[in-house]
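Notes to accompany the following structure.
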Amino acid sequence: MPEIVTRFAPSPTGYLHIGGARTALFNWLFARSNAGKFLLRIEDTDRERSTPEAVAAILEGLAWLGIPWDEGPYFQTERMELYRKEAERLLAEGKAYRCVCTPEELEVRREAARAKGDKPHYDRRCRDLPPGEADGKPSVVRFLAPLSGTTAVRDLLRGDVTYKNEELDDLVLLRTDGLPTYNFVVVVDDATMGITHVLRGDDHLNNTPRQILLYEALGYPVPRIGHFPLIHGMEGGKLSKRQDDVSVMAYRDRGFLPEAMINYLVRLGWGHGDQEIFSLDELQEIFRLENVGKSPSRFDPEKLLHLNAHYIKTGDPKRLSVLLVPFLARRRIEAEASPWLAKVVRTFQERSKTLEEMAESAEYYFRPKEPDPKTSEKFLTPEMAPLFDEIVREIEALPEFDPEATETILNRVTRKMGAKLGKIAQPVRVALTGGTVSPGIFEVMDVLGRDEVIRRLTVAAGRIRERSAG
RNA sequence: GUCCCCAUCGUCUAGUCUGGCCAAGGACACCGCCCUUUCACGGCGGCGACCGGGGUUCAAAUCCCCGUGGGGACGCCA
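So the first sequence is numbered by this note's numbering: it starts at 242 and just counts up by one.
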């Protein structure tokens, strides 16, 4: 069986977005699950819009997601000679012709056709130009497409889709400046790079019959082709930059884990029974093209968030602590990964949905936080001062400062008051964290350490006295 | 407008190919209860869908047709 080769071929005109990332993922998974190869090609024939920054952003995005490519990246701008030769071959064989219509003229004719309710096609008027007529004039090279008959796309996901050739266009192969266009280079590249399976978004389905015609004209075998349903925004319709958050890297910057993004993406249009959680390793085993659906799906950030919470909850604290550092730095907290920071992480794994959120919640571990007046008034009441004193004394006397020991102390104090633990735990929480929400109070003490707990409790007791005196 | 694709809970989906196991299963979100030192986590329960109409069949979410709805493509962009 010949080896399977797939590819991801983004155009570097912006960041890696959700849709592109999923196309890359599916291509990679399909290759991997079939012991094939996955290659990366940068479609940068549009010199106006392609930027090196965008190339870097795409590579970075794939790297972050953990999708490696086996070959490339290839750049189309480095293969111009090949495209020019192929175009000339078609010209020489009479399968292409020169067209001297200007973009402005075409635009006018398109509008006229649209106004009449026709499909705005090129009218092929330069097909019959006398030989030599185009010499010396600015011209493009157009494909001489058949006017009759049909072309069938044998789509891997959708079955056969048949187009009337008269619906198709004489598409431009080479622009006036000699640079090739997408539909042409994609065919030349996929053919010459030995791509066996072209898997891309549904928005390309209508291009496919033209490309098949090109394969045939060029004498290349037509690869297997399949089109994935598109990913829509929450409002339906194409993902939009304004309405939806579509940049993959923006999610990293907001504290999302790549495994959450992968897991979310793979479930958009693909399913495996009732299973919801998938690792990259597992996906490489079980991914099947047959399980990819046909209908478009909506991008739902809520579910992504849920998945992220899951991976934070189950993630390795040591690794998470490394990832947390930049988020702390952004809040002007200089921390470095350490067993202690891993301990901090552990106290938040079940409560944070993102690393960003975790960094925010963790602030009081690094610098004491003042409770707001209302909270202070409610929980740091005068009768708490002596209680805090007592707790401090007991903590000081502790041979071993650990959660069990501090729990014993608080329970004892509570019992003496004849109250419930909450009665004293909340004020202690406010004294320690400046707020009423935190991980378990004994965990918090454990992270803070004996000295800091004593310090904060003493400060709080002092404040209470100051206030009731003044 | 023309061509093309698609159609199961609000959302992601299982089931559709190979009709009966489906008075349609799971997940997110939402609501309630339980657990509980707060917040979460977790557990239990609830709400909630086969777009409509014809046909085929003993039997249709599943097959066929027609509507309707949604989406995509119609560039010297990719």
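Just so it is clear, CB atoms sit at the ideal spot from N, CA and C, and this is done for glycine as well.
Note that the structure is predicted; figures quoted are calculated from it, not measured.
Here DSSP, grouped into helix, strand and coil, assigns ALA265 to helix.
One Cα belongs to GLY467, the other to ARG441, and the distance between them is close to 7 Å. Non-local beta-carbon contacts of ALA375 in its own chain, meaning distances under 6 Å to residues more than five positions away in sequence, involve ARG339 and VAL341 in chain order. Residue pairing from DSSP places VAL381 in a beta bridge opposite CYS340.
In the same chain as HIS258, and ignoring 5 residues on each side of it, the C-beta atoms closer than 8 Å to its own belong to LEU480, VAL487, SER488 and VAL489, in chain order. If the five residues before and after TRP511 are omitted, its C-beta is found closer than 6 Å to the C-beta atoms of ASN532 and VAL533, all from its own chain and listed in chain order. Looking at LEU498, MET475, ILE665 and LEU454, the one whose alpha-carbon comes closest to that of ASP411 is LEU454.
Rounded to the nearest angstrom, the Cβ distance from ILE705 to PRO623 is 6 Å, consistent with a contact under 8 Å.
Rounded to the nearest angstrom, the Cβ distance from ARG248 to ARG282 is 6 Å, consistent with a contact under 8 Å. Less than 8 Å divides the Cβ of ALA583 from the Cβ of SER562. CA-to-CA, the gap between ALA250 and ALA491 works out to about 21 Å.
DSSP places PRO644 in the helix class (H, G or I) of the three-state scheme.
In the assembly as shown, ILE527 is an exposed residue. Its beta-carbon has fewer than 16 other beta-carbons within 10 Å. The three-state reading of DSSP puts ALA393 in strand, counting E and B together.
Secondary structure at GLU244: coil, using DSSP grouped into helix, strand and coil. Contact annotation: the region 551–562 does not touch the region 638–656, with fewer than three C-beta pairs closer than 8 Å. Comparing alpha carbon positions, the residue from PHE607, LYS657 and PRO580 closest to LEU569 is PHE607.
Secondary structure in the region 290–336: the beta strand (DSSP E) runs of 3 residues or longer, each lying completely within the stretch, are 312–316 in chain order. In this structure, LEU420 sits away from ILE472, with a CB-CB distance that is not shorter than 8 Å. Taking C-alpha positions only, PHE683 is separated from GLY676 by approximately 15 Å.
With the rule of 3 Cβ pairs closer than 8 Å, the region 261–271 does not count as touching the region 289–297. Separation of ALA710 and GLY703 (C-alpha to C-alpha, rounded to the nearest whole angstrom) is 11 Å. For VAL413, the closest C-alpha among the options VAL633, GLY477, VAL439 and ALA328 is that of ALA328. Here DSSP, grouped into helix, strand and coil, assigns VAL694 to helix.
Short of 8 Å from the beta carbon of LEU545, and not among the five residues preceding or following it, lie these beta carbons of its own chain, in chain order: TYR492, PHE497, ALA501, MET502 and TYR505. As computed with DSSP, TRP581 is found in no beta bridge at all. Between ARG539 and GLY477 a beta carbon distance of about 7 Å is seen, short of the 8 Å cut, so the two are scored as contacting.
In the structure shown, GLY442 adopts extended strand secondary structure according to DSSP, grouped into three states. For TYR404, DSSP records a beta bridge to THR392. Taking every protein chain shown into account, the CB of GLY474 has 16 or more other CB atoms within 10 angstroms, so this residue is buried. Looking only at ALA353, PHE425 and VAL685, the smallest Cα-Cα distance to LEU385 is reached by PHE425. Beta bridge pairing from DSSP links VAL654 with no other residue. Counted as a single uninterrupted DSSP element, the alpha helix (DSSP H) harbouring ILE453 occupies residues 449–459. Taking 8 Å as the cut-off, the Cβ atoms of VAL427 and GLN452 count as close. Distances from the alpha-carbon of GLU284 to those of ALA272, SER520, TYR315 and GLU322 put TYR315 closest.
With a cutoff of 8 Å on beta-carbon distance, ARG572 and ALA550 are scored as not near each other.
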